[in-house]
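Below is one structure; the comments refer to it alone.
Protein chains in written order, with our numbering: chain F, 1 to 114; chain Z, 1001 to 1112.
Below, the structure written as structure tokens:
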């Protein structure tokens, strides 16, 4: 059984640039959630995708957008990068969309914005 | 607003020195409380889910308990490999799409 994989593992961008982060969900999981984790903080919910539709969003601006593909893999896009976007971006998959579902996390993408 | 508070922020233990981590929450009608372990530079790894007050779950040296307003993660005779950040998260009672709300975590260091 393949776990959740994320790419790239590390990324350095400059302010104003755009970035795309990728996630492959665990086999059999149809729901993907994205979280942002700043240094020393807990993960903060960005949004969730269920069967290719966004079905929940946290308190993040519209420049954070995403996609889910038919194979349930997902992308997180961030436009007009700001210094505060520097963080570990975590993707988590689950077998369903309920909030009480166990989440399986990838190792994350460490994004640095200079 | 739902809130999850973990204490202490950091804890340093000698190998074999048992202790407890605390997670308090203000959510009413909790649908589940989760404990995760996170190693540096890695994603969180699931440990336990608790659903109702009085429930307990164990895994090796870890035991999680739940009351109506808080949860404890008890660590018995810890080893250096137990060093990690332990995150608590709650599933609020609203719609099925409401996400988990995480605390900031407790950084545990176990010294040999």
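All C-beta atoms in this analysis are idealised placements derived from N, C-alpha and C, irrespective of residue type, glycine included.
*Can you check whether the CB of residue 41 of chain F is closer than 8 Å to the CB of residue 90 of chain F?*
The residue labelled residue 90 of chain F in the question sits at position 90 within the first chain. The residue labelled residue 41 of chain F in the question sits at position 41 within the first chain. Between residue 90 of chain F and residue 41 of chain F, the C-beta gap is not smaller than 8 Å, which leaves the two residues out of contact.
*Spatial distance of residue 1068 of chain Z from residue 1053 of chain Z (CA atoms)*: Sequence index remark: in the second chain, residue 1068 of chain Z carries index 68 (1-based). Sequence index remark: in the second chain, residue 1053 of chain Z carries index 53 (1-based). Cα to Cα, residue 1068 of chain Z sits roughly 5 Å from residue 1053 of chain Z.
_If you measure between the beta carbons of residue 94 of chain F and residue 112 of chain F, is that distance less than 8 Å?_
Your numbering for residue 94 of chain F matches position 94 in the first chain. Your numbering for residue 112 of chain F matches position 112 in the first chain. Result no, Cβ atoms of residue 94 of chain F and residue 112 of chain F do not sit closer than 8 Å.
*Anything in chain Z within Cβ reach of residue 106 of chain F, meaning under 8 Å, just list it in chain order.*
In the first chain, residue 106 of chain F corresponds to position 106, counting from 1. By Cβ distance, chain Z contributes 1043.
*Run of the beta strand (DSSP E) containing residue 56 of chain F, from where it starts to where it stops*: Position 56 of the first chain holds residue 56 of chain F. From DSSP, the beta strand (DSSP E) with residue 56 of chain F extends over 53-57.
_Less than 8 Å between the C-beta atoms of residue 1047 of chain Z and residue 1033 of chain Z, yes or no?_
Here residue 1047 of chain Z refers to the residue found at position 47 when the second chain is read from its first residue. Here residue 1033 of chain Z refers to the residue found at position 33 when the second chain is read from its first residue. Cβ atoms of residue 1047 of chain Z and residue 1033 of chain Z: not closer than 8 Å.
*How long is the line joining the alpha carbons of residue 83 of chain F and residue 64 of chain F, rounded to whole angstroms?*
The residue you call residue 83 of chain F lines up with position 83 of the first chain. The residue you call residue 64 of chain F lines up with position 64 of the first chain. Whole-angstrom Cα-Cα distance: 14 Å.
*asked:* The beta strand (DSSP E) that contains residue 30 of chain F, what's its start and end?
replied: Here residue 30 of chain F refers to the residue found at position 30 when the first chain is read from its first residue. In this chain, residue 30 of chain F is not harboured by any beta strand (DSSP E), its DSSP state being neither H nor E.
_Please report whether the beta-carbon of residue 1049 of chain Z lies at a distance below 8 Å from any beta-carbon of chain F._
Locating residue 1049 of chain Z in the second chain gives position 49, where the first residue counts as 1. Yes, contact with chain F.
*asked:* On a Cα-Cα basis, can you pick out the residue from Z/1092, Z/1004, Z/1010 and Z/1005 that is closest to residue 1019 of chain Z?
replied: Counting from 1 along the second chain, the entry for residue 1019 of chain Z is found at position 19. It is Z/1010.
*Cα-Cα separation, residue 1106 of chain Z to residue 1073 of chain Z*: Counting from one through the second chain, the residue named residue 1106 of chain Z turns up at place 106. Counting from one through the second chain, the residue named residue 1073 of chain Z turns up at place 73. Between residue 1106 of chain Z and residue 1073 of chain Z, the C-alpha separation is close to 10 Å.
*From which residue to which residue does the beta strand (DSSP E) around residue 1026 of chain Z run?*
Indexing the second chain from 1 puts residue 1026 of chain Z at position 26. Careful: residue 1026 of chain Z lies outside any beta strand (DSSP E) and carries neither H nor E.
*Looking at the unbroken beta strand (DSSP E) that takes in residue 66 of chain F, where does it start and where does it end?*
For the purposes of this step, residue 66 of chain F is identified with residue 66 of the first chain, where counting begins at 1. Residue range 64-68 is occupied by the beta strand (DSSP E) that includes residue 66 of chain F.
*Any idea if residue 1037 of chain Z is buried or exposed, counting beta-carbon neighbours within 10 angstroms, 16 or more meaning buried?*
As a position in the second chain, residue 1037 of chain Z is number 37, starting the count at 1. Per the 10 Å Cβ criterion, buried.
*With residue 1115 of chain Z as the anchor, note down where its beta strand (DSSP E) starts and where it stops.*
Given a span of 1001 to 1112 for chain Z in the structure shown, any question on residue 1115 of chain Z remains unanswerable.
*Would you report the Cα separation of residue 1112 of chain Z and residue 1081 of chain Z, rounded to the nearest angstrom?*
In the second chain, the residue the question calls residue 1112 of chain Z occupies position 112. In the second chain, the residue the question calls residue 1081 of chain Z occupies position 81. Looking at the backbone, the Cα of residue 1112 of chain Z and that of residue 1081 of chain Z are separated by about 10 Å.
*asked:* If we define contact as Cβ-Cβ less than 8 Å, is residue 43 of chain F a contact residue for chain Z?
replied: Counting from one through the first chain, the residue named residue 43 of chain F turns up at place 43. Residue 43 of chain F has a beta carbon lying within less than 8 Å of a beta carbon in chain Z.
*chain F partners of residue 1105 of chain Z, CB-CB under 7 Å?*
On the second chain, residue 1105 of chain Z is found 105 positions in, with the first residue counted as 1. Simply 42.
*Which one or two residues does DSSP pair with residue 1012 of chain Z in a beta bridge?*
Residue 1012 of chain Z sits at position 12 when you count from the first residue of the second chain. Here residue 1012 of chain Z is bridged, per DSSP, to Z/1109.
*Quick one: grab the DSSP three-state call for residue 90 of chain F.*
Residue numbering aside, residue 90 of chain F sits at position 90 when the first chain is read from its first letter. In this structure, residue 90 of chain F counts as strand in the three-state DSSP scheme.
_Reduced DSSP category for residue 1033 of chain Z - H, G, I as helix; E, B as strand; rest coil_ = The residue you call residue 1033 of chain Z lines up with position 33 of the second chain. DSSP places residue 1033 of chain Z in strand when its eight states are reduced to three.
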